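Trainee: Residue numbers (my numbering): 14 to 576.
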RNA sequence: GCGCCUGUAGCUCAGUAGGAUAGAGCAUCGGACUUCUAAUCCGGUUGUCGCAGGUUCGAUUCCUGCCAGGCGCGCCA
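1) Roughly how many angstroms lie between the CA atoms of residue 255 and residue 518, to the nearest whole one?
2) Are there 16 or more other CB atoms within 10 angstroms of the CB of residue 482, so buried, or fewer, so exposed?
3) Can you look up residue 180 in the DSSP assignment and give me helix, strand or coil?
4) Check the C-beta distance from residue 275 over to residue 182 and give it rounded, since I have them as a contact under 8 Å.
5) Can you have a look at residue 404 and say buried or exposed, based on whether 16 or more other CB atoms are within 10 angstroms of its CB?
6) Counting only the same chain and skipping the five closest in sequence on each side, list residues whose C-beta sits under 6 Å from that of residue 406.
7) Where does residue 89 land, buried or exposed, given buried means 16+ other C-beta within 10 angstroms?
8) How is residue 569 classed by DSSP in three states: helix, strand or coil?
9) Pick out the complete beta strand (DSSP E) segments inside the stretch 326 to 388, 3 residues or longer, and give them in chain order.
10) From 329, 397, 313, pick the residue whose C-alpha is nearest to that of residue 366; which is it?
11) Would you tell me roughly how many angstroms separate the C-alpha atoms of residue 561 and residue 292, rounded to the nearest one?
12) Determine the direct distance from the alpha carbon of residue 147 to that of residue 544, and round the result to whole angstroms.
13) Quick check: the Cα distance between residue 498 and residue 44, rounded to an integer number of angstroms?
14) Taking the Cβ atom as the reference point for each residue, do residue 563 and residue 225 lie within a distance shorter than 7 Å?
15) Give the straight-line distance between the Cα atoms of residue 273 and residue 316, rounded to the nearest whole angstrom.
16) Ignore the nearest five residues each way along the sequence and tell me which others in residue 337's own chain have a CB closer than 7 Å to its CB.
17) Closer than 8 Å by C-beta to residue 236: which residues in its own chain qualify, once you throw out the five before and the five after it? Chain order, please.
18) Based on Cα-Cα distance, which residue from 394, 184, 549, 510 lies nearest to residue 341?
19) The alpha helix (DSSP H) with residue 163 in it runs from where to where?
20) Inspect the CB distances between the stretch 150 to 161 and the stretch 367 to 376 and report whether three or more fall short of 8 Å.
21) Under the three-state reduction of DSSP, which class applies to residue 404: helix, strand or coil?
22) Tell me whether residue 489 is buried or exposed, calling it buried when 16 or more other Cβ atoms sit within 10 Å of its Cβ.
23) Helix, strand or coil, according to DSSP, for residue 206 in the structure here?
24) With a 10 Å radius around its C-beta and 16 neighbouring C-beta atoms as the bar for buried, classify residue 398 as buried or exposed.
25) Return the CA-CA distance between residue 457 and residue 573, expressed in angstroms with no decimal places.
26) What residues match up with residue 107 in a beta bridge as DSSP calls it?
27) Rounded C-beta distance between residue 362 and residue 392? I'm assuming under 8 Å.
28) Is the CB-CB distance between residue 452 and residue 422 below 7 Å?
29) By a C-beta neighbour count over all protein chains shown, 10 Å radius and 16 as the cutoff for buried, is residue 173 buried or exposed?
30) So the candidates are 395, 77, 534, 170; which of them puts its Cα closest to the Cα of residue 512?
31) May I have the straight-line CA-CA distance separating residue 446 from residue 154, to the nearest angstrom?
32) Residue 550 to residue 157, Cα distance in whole Å?
33) Strictly by DSSP, which residues pair up with residue 323?
34) Determine the closest residue to residue 556 out of 526, 571, 540, 535, with distance taken between C-alpha atoms.
35) Should residue 450 go down as buried or exposed, given a rule of 16 or more other Cβ atoms within 10 Å for buried?
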């Protein structure tokens, strides 16, 4: 179920009402309208409202108000579900749900527990999500961290909607950059720069500058006999391989610490070792999508909207990065994945059109490939941006951020904003233990509920099952508001998954936590002289706790019992 | 020059398969601790939804053109 039980019931009632209207000849309904409704902005407009009548007016050639009246007249019969049905000009149908119906939400959450919010909209779909894929030429920086958090959360969302999801990290270990990496290591070795005081001496432009290069150089020296220390071509390759392996392991270690795990680390060089690149290009050449011009091979991407055709093999015989990517994505499809999702830094957006073109060339729907572009992260401390520069190698690493604010805060902050807008990451705020800090605020709602349960336990009160509580005692406005919010959760998940937008979950959790904190302050939950009320309130807040936890799991943030 | 993203309250941002009087947090001002965690809560203030047209019963949302900011436009990866 991709929507809450109340929404589902209303959809079904609306469907029935339209059928009845059609059978009775009141509406033609040649084209069936989509049964959408939203939560009205104002409470006096009811719990839910639909604009189907407005949408139908043109096709039925009748006033929207009339159509709304017809539909409403049939909805009126659903007396178990609706308290009342109002038609408001120009043709809104406002629905007020019977109060008792709402309590079914609590029973449902109790029944489903950890899977509340899950759906089957992507059942049977094999999805490959490729993310991070940072080049193994240095440690992960904060931007990669955002990509990691976003990719992992999206993968969680897809799993929650029933997809069979594989997480993959693609390693560019072919080409000039590993060579440059090796040369950088050698240069640190051949200069007298292994001495600690020389680590800061900059290398010539175009080489990797970070201090980590010196560390790797030292490790490389230890692992090799001095005779192989010549700065020959062979030594550069060897040093590059060595450095790449070290850095990749460190990257994966950082990601593990960040609770990001991959099903597969896919190394680009295997595509060459196994002839996948040549095969993939041969297939495209057979379709006459690849042609030779001026001794280079081109893929005719401009046929499908790219600005120009792209070189796949250079005149010197070497394949381009794009050739690897063609092979890699061909290989993804060949492994049985139907939907490919890539999470990229926004600076790669210029690459998207040729990827879309590639899909056409490979004979797949353009929609089978989706990219989420993740914008930059700007670290802020004391209200001022933290200086970052990749050129000097003095960027802020993901590890430094994790060490400073913790995994939970880092992940939540990375997921707080829509990923295509730049993110200001406030390092001070992320560490605050107060309501200003959204992570803390949400986690604290979970912990506070756990604390209430402990307190109840001490008084000999266990949280009852919903069937053992009189839920109709839940009557105050704050309680109803929370239940309605809980009912929205499945749709929040399915919509976040559909749009690949995990930030919606973060916003939802802040709203829900806000409702809870406000409720907690206004109404006493544990009341010795009102046991029945206490029991029903415990059922309610357990449902809140379940949903907060489920949402945090999607974001990859822990749900603590105590704080 | 071409392309992509962004432009919503003082700040940071939600909201867009078109819907009713546009929201939240922060900041600011003023309140609430003999209390189940005050690690929290309550109230007040805040808008030409970048600008101009168009589509329509209705546009922050869709289309076109401008303006501003960011990013990208290699036989690099």
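Glycine is no exception: its CB is placed at the ideal position from the N, C-alpha and C atoms.
Just so we're clear, the structure is a prediction, and the values are computed from it rather than from any experiment.
Mentor: Looking at the atomic coordinates:
1) Residue numbering aside, residue 255 sits at position 242 when the first chain is read from its first letter. Residue numbering aside, residue 518 sits at position 505 when the first chain is read from its first letter. Using only the alpha carbons, I get a separation of about 41 Å.
2) What you label residue 482 is simply residue 469 of the first chain in a count that begins at 1. With 16 or more other Cβ atoms from the protein chains shown falling within 10 Å of its own Cβ, residue 482 counts as buried.
3) Counting from one through the first chain, the residue named residue 180 turns up at place 167. Strand at residue 180.
4) To locate residue 275, count along the first chain from 1; it is residue 262. To locate residue 182, count along the first chain from 1; it is residue 169. Taking C-beta atoms under 8 Å as the contact rule, residue 275 and residue 182 qualify, at a distance of about 5 Å.
5) Locating residue 404 in the first chain gives position 391, counting from the first residue. Since pLDDT at residue 404 reaches only 46, below the 50 mark, its modelled position is unreliable, and no value is offered.
6) Looking up residue 406 in the first chain gives position 393. Here the model assigns residue 406 a pLDDT of 46, short of 50, so the residue's position is not dependable, and the following value carries that caveat. Cβ within range, chain order: 222, 223.
7) Taking the first chain and counting its residues from 1, one reaches residue 89 at position 76. The C-beta of residue 89 has fewer than 16 other C-beta atoms within 10 Å across all chains shown, which makes the residue exposed.
8) Along the first chain, one-based indexing puts residue 569 at 556. Coil, per DSSP.
9) With a minimum length of 3 residues, the continuous beta strand (DSSP E) runs that stay inside the stretch 326 to 388 are 352 to 358, 382 to 387.
10) The residue you call residue 366 lines up with position 353 of the first chain. Comparing Cα-Cα distances from residue 366 to each of 329, 397, 313, the minimum goes to 313.
11) As a first step, residue 561 must be located in the first chain, where it is residue number 548. As a first step, residue 292 must be located in the first chain, where it is residue number 279. If you take the alpha carbons of residue 561 and residue 292, they lie about 49 Å apart.
12) Position 531 of the first chain, counted from the first residue, corresponds to residue 544. Position 134 of the first chain, counted from the first residue, corresponds to residue 147. As the crow flies, the alpha-carbon of residue 544 is around 57 Å from that of residue 147.
13) Position 485 of the first chain, counted from the start, is the residue given in the question as residue 498. Position 31 of the first chain, counted from the start, is the residue given in the question as residue 44. A straight-line Cα-Cα distance of about 33 Å links residue 498 and residue 44.
14) Position 550 of the first chain holds residue 563. Position 212 of the first chain holds residue 225. Cβ atoms of residue 563 and residue 225: not closer than 7 Å.
15) In the first chain, counting from the first residue as 1, residue 273 sits at position 260. In the first chain, counting from the first residue as 1, residue 316 sits at position 303. The straight-line gap from Cα to Cα measures roughly 38 Å.
16) As a position in the first chain, residue 337 is number 324, starting the count at 1. For residue 337, where only same-chain residues beyond five positions count, the Cβ hits under 7 Å are 187, 281, 284, 290.
17) The residue you call residue 236 lines up with position 223 of the first chain. Closer than 8 Å at Cβ, skipping near neighbours: 255.
18) Within the first chain, residue 341 is the residue found at index 328, counting from 1. Residue nearest to residue 341 within the set 394, 184, 549, 510 is 184 (criterion: CA-CA distance).
19) In the first chain, counting from the first residue as 1, residue 163 sits at position 150. Note, residue 163: alpha helix (DSSP H), 155 to 173.
20) Contact between the stretch 150 to 161 and the stretch 367 to 376 is absent, because fewer than three Cβ pairs lie under 8 Å.
21) Along the first chain, read from residue 1 onward, the residue named residue 404 stands at position 391. In this prediction, residue 404 scores a pLDDT of 46, lower than 50, which makes its location untrustworthy; no coordinate-derived value is stated.
22) In the first chain, counting from the first residue as 1, residue 489 sits at position 476. With fewer than 16 Cβ atoms within 10 Å of its Cβ, residue 489 is classed as exposed.
23) Indexing the first chain from 1 puts residue 206 at position 193. With a pLDDT of 48 at residue 206, under the threshold of 50, the modelled position of this residue cannot be trusted; read the value that follows with caution. In the structure shown, residue 206 sits in a helix (DSSP, three-state: H, G or I).
24) Walking along the first chain from the start, residue 398 turns up at place 385. Residue environment: residue 398 is assigned as exposed (fewer than 16 neighbouring CB atoms within 10 Å of its CB, all protein chains considered).
25) Along the first chain, read from residue 1 onward, the residue named residue 457 stands at position 444. Along the first chain, read from residue 1 onward, the residue named residue 573 stands at position 560. Whole-angstrom Cα-Cα distance: 8 Å.
26) Here residue 107 corresponds to residue number 94 of the first chain, with the count starting at 1. Residue pairing by DSSP places residue 107 opposite 62, 99 in a beta bridge.
27) Residue mapping note: residue 362 aligns to position 349 of the first chain, counting from 1. Residue mapping note: residue 392 aligns to position 379 of the first chain, counting from 1. Not a contact, Cβ separation roughly 23 Å.
28) The residue you call residue 452 lines up with position 439 of the first chain. The residue you call residue 422 lines up with position 409 of the first chain. The beta carbons of residue 452 and residue 422 sit closer together than 7 Å.
29) The count along the first chain starts at 1 and reaches residue 173 at position 160. With 16 or more Cβ atoms within 10 Å of its Cβ, residue 173 is classed as buried.
30) What you label residue 512 is simply residue 499 of the first chain in a count that begins at 1. Comparing C-alpha distances from residue 512 to each of 395, 77, 534, 170 shows the shortest one belongs to 170.
31) Position 433 of the first chain holds residue 446. Position 141 of the first chain holds residue 154. Computed Cα separation, rounded: 25 Å.
32) Within the first chain, residue 550 is the residue found at index 537, counting from 1. Within the first chain, residue 157 is the residue found at index 144, counting from 1. Approximately 43 Å between the Cα atoms of the pair.
33) Here residue 323 corresponds to residue number 310 of the first chain, with the count starting at 1. According to DSSP, residue 323 bridges with 312.
34) Working through the first chain from its first residue, we reach residue 556 at position 543. Ranked by Cα distance from residue 556, the options 526, 571, 540, 535 are led by 526.
35) As a working mapping, residue 450 is identified with position 437 in the first chain. For residue 450, the number of other beta carbons within 10 angstroms of its own is at least 16, and it is reported as buried.
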